[in-house]
Amino acid sequence: MSIVGITLVLVAVLFLLLGSGLWVGLSLVSAAWFASEFLTDKNLQTGTNMVSEIWSSSSSWTLTALPMFIWMGEILFRTRLSEDMFRGLSPWLARLPGGLVHTNIVGCTVFAAVSGSSAATLTTVGKMSIPELRARNYPENMVIGTLAGAATLGLMIPPSLALIVYGVTVNESITKLFFAGVLPGILLASMFMAYVAIVSKTSKTWNPDVERGMSFADKLKNSRFLIPVFLLIIVVIGSMYLGYATATEASAIGVLGALALAASQGSLNRSTFTASLMGAMRTSAMIALILAGAAFLKQAMGFTGIPRALADWIAVLELSRFQLLMALLVFYIILGMFLDGISAVVLTMAVVEPMVREAGIDLIWFGIFVVVVVEMAQITPPIGFNLFVLQGMTDHEMGYIAKAAIPMFLIMVLMCFVLIWVPEIATWLPDNIRQR
């Protein structure tokens, strides 16, 4: 069978399995087994290869950071962090053009720096900000849209679960990827805030209640509520930046800090500890199964020759770097409509990585580019996960939420072009951090 035929059969099998409702991880394993057994001319020991590949992909020391950062986010999700952030941020943001809508963006940015999960960021910030902003008569579409978009920052700003998964998949430094995400994450948040400011000055329906003035001393007094979370960010991120800890060690520090924060707020008890541990275990097991399946599929595809053939085909087309990135941008946007971000990354890297290397694209930079596109998948129907979370929190129809999130989607598309035009936004920090 030709390479084209092998590719079409494998894609058909994979999408048939995914469409049947089978777990993503098991679909990847099944498709890999099918490819090894029926789509290669080699006499492969499929069972042995599967066990060996799954074990080697699951026993990576780097991967230890994943469940630890997930657990840190689960602990913080059960604290009063969202209430404290709103009380600490709102006095400073109320007078900006756009007012307290900025608490959605800044709150998500701050929580993303201690969570790594888009869903946890959205739920934590949204459960506090939505009632408060509604009570102050802010436009509903702006409340929903900014929350949907800003929550995706949990995928980029370290500690990012998506960057950990990407780094393990392509064998790149997690610490470098974390720092590559800092400046783009801050820039994207600033772009969201600029959009809010522009709308607040141009929209005829923007008429929120006027906030009561607060003295500078009172603002400083309220800022004390932000001290614990900022200390946690400084300890986790600072330990990596200064070279005192690897990403894995920083994740353990983060868990201890989150437990201390929860204990200081009186939120830590047997029930919340057990719930956070079980939540982290379920999420970690799901992602680990996807990574194991992706590793086996990558090996099976290598045996079929698909990645090499595709890379050769791209070379024959003589696409420029920009043309290749545009093709991948469209590809990931379409794929993101049907798969969650992490699944999209691990599912495609076996094919995309050789193409990107062949084109001479920096894999650290490309990781940030992919994460920005994957962020779009969180707010695009029909499978945008953030849309489902917001639907449960607000009782709005999916169409209304998706429409409210369109401006955020377009800003992320613009961010992709900014990264292409100025790649140093993603590469400067990783090139200048101390490595350990």
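For the sequence shown, my numbering begins at 1316 and goes up steadily by one.
The beta carbon of each residue, even a glycine, is placed where N, CA and C say it ideally should be.
Taking the alpha-carbon positions, what's the Ile1605 to Ile1549 distance?
31 angstroms
Could you round the C-beta distance between Ser1599 and Leu1381 to whole angstroms and report it? I think they count as a contact, below 8 angstroms.
The beta-carbon distance between Ser1599 and Leu1381, rounded to whole angstroms, is 6 angstroms. This is short enough to meet the 8 angstroms contact definition.
Can you name, in chain order, every residue of its own chain whose Cβ lies under 8 angstroms from the Cβ of Lys1534, other than the five neighbours on each side?
Closer than 8 angstroms at the Cβ level, and outside the excluded window around Lys1534, lie Pro1406 and Trp1407.
Have a look at Ala1624, Ala1692 and Ile1679 and flag the residue whose alpha-carbon is nearest the alpha-carbon of Val1666.
Ala1624
Could you pull the start and end residues of the alpha helix (DSSP H) that Gln1638 belongs to?
Arg1636 to Gly1651
Determine the direct distance from the alpha carbon of Thr1695 to that of Lys1306, and round the result to whole angstroms.
In the structure displayed, the chain extends from 1316 to 1751; residue 1306 sits before or after that span and is not available.
Helix, strand or coil: which one does DSSP assign to Tyr1715?
Annotated three-state conformation of Tyr1715 is helix, per DSSP.
Grab the span of the alpha helix (DSSP H) containing Arg1449 for me, first residue to last.
Counting along the chain, Arg1449 sits inside the alpha helix (DSSP H) bounded by residues Ser1433 to Ala1450.
Could you pull the start and end residues of the alpha helix (DSSP H) that Leu1348 belongs to?
The sequence shown places Trp at residue 1348, not Leu. Element bounds for Trp1348: Val1339 to Phe1353.
How close, in whole Å, do the beta carbons of Val1686 and Ser1430 come, if the pair is a contact with beta carbons under 8 angstroms?
About 15 angstroms separates the two Cβ atoms, so there is no contact after all.
To the nearest whole angstrom, what separates the beta carbons of Ile1390 and Leu1574, a pair I think is in contact under 8 angstroms?
Between Leu1574 and Ile1390 the Cβ distance is about 6 angstroms, and since that is below 8 angstroms, they are a contact.
Do Leu1470 and Ala1477 have their C-beta atoms closer together than 8 angstroms?
Cβ atoms of Leu1470 and Ala1477: closer than 8 angstroms.
Rounded to the nearest angstrom, how far is the Cβ of Thr1394 from that of Leu1576, given a contact under 8 angstroms?
Yes, they are in contact, since the Cβ atoms of Thr1394 and Leu1576 sit about 6 angstroms apart, within 8 angstroms.
Relative to the C-alpha of Thr1587, which residue among Leu1332, Ser1351 and Met1387 is closest?
Met1387
Is the region 1327-1346 close to the region 1605-1619, with three or more CB pairs under 8 angstroms?
Contact holds: three or more Cβ-Cβ distances are below 8 angstroms.
Of all the beta strand (DSSP E) runs that stay within the bounds of the region 1663-1697, which reach a length of 3 or more residues?
none
Thinking C-beta only, is Ile1648 closer than 8 angstroms to Val1691?
Checking the sequence, you will find Met at residue 1691 rather than Val. Contact: yes.
How is Thr1322 classed by DSSP in three states: helix, strand or coil?
Correct three-state label for Thr1322: helix.
In its own chain, which residues sit with a C-beta less than 6 angstroms from the C-beta of Pro1499, not counting the 5 before and 5 after it?
Ile1683, Ile1740 and Ala1741
Excluding the five sequence neighbours on either side, which residues of its own chain have a C-beta within less than 8 angstroms of the C-beta of Lys1442, listed in chain order?
Ser1397 and Met1708
Under three-state DSSP, which class holds Gln1360?
coil
Determine the contact status of Gly1334 and Ala1719, defining contact as a CB-CB distance below 8 angstroms.
no
Could you say which of Gly1651, Pro1473, Ser1374 and Ser1351 lies nearest to Ala1603 if we only look at CA atoms?
Ser1374
Check whether the Cβ atoms of Phe1494 and Gly1464 lie closer than 8 angstroms to each other.
no
Are Val1671 and Cys1731 touching if we call contact CB-CB under 8 angstroms?
no
By the 10 Å Cβ neighbour count, where 16 or more other Cβ atoms means buried, how is Asp1399 classified, buried or exposed?
buried
What did DSSP end up calling Glu1487 once you bin it into helix, strand or coil?
coil
Residues in its own chain within less than 7 angstroms of Val1480 by CB, not counting five upstream and five downstream?
Ile1602, Leu1606, Ile1657, Val1660 and Val1661
Use the C-beta contact count for Val1704: other C-beta atoms within 10 angstroms, 16 or more gives buried, fewer gives exposed.
Counting of Cβ neighbours within 10 angstroms places Val1704 among the buried residues, the total reaching 16 or more.
If we ignore side chains and look at the alpha-carbon of each, how far apart do Gly1608 and Ile1369 end up?
7 angstroms
Measure the beta-carbon distance from Tyr1453 to Pro1722 and round it to whole angstroms, keeping in mind my assumption that it falls under 8 angstroms.
With a Cβ gap of about 15 angstroms, Tyr1453 and Pro1722 do not count as contacting.
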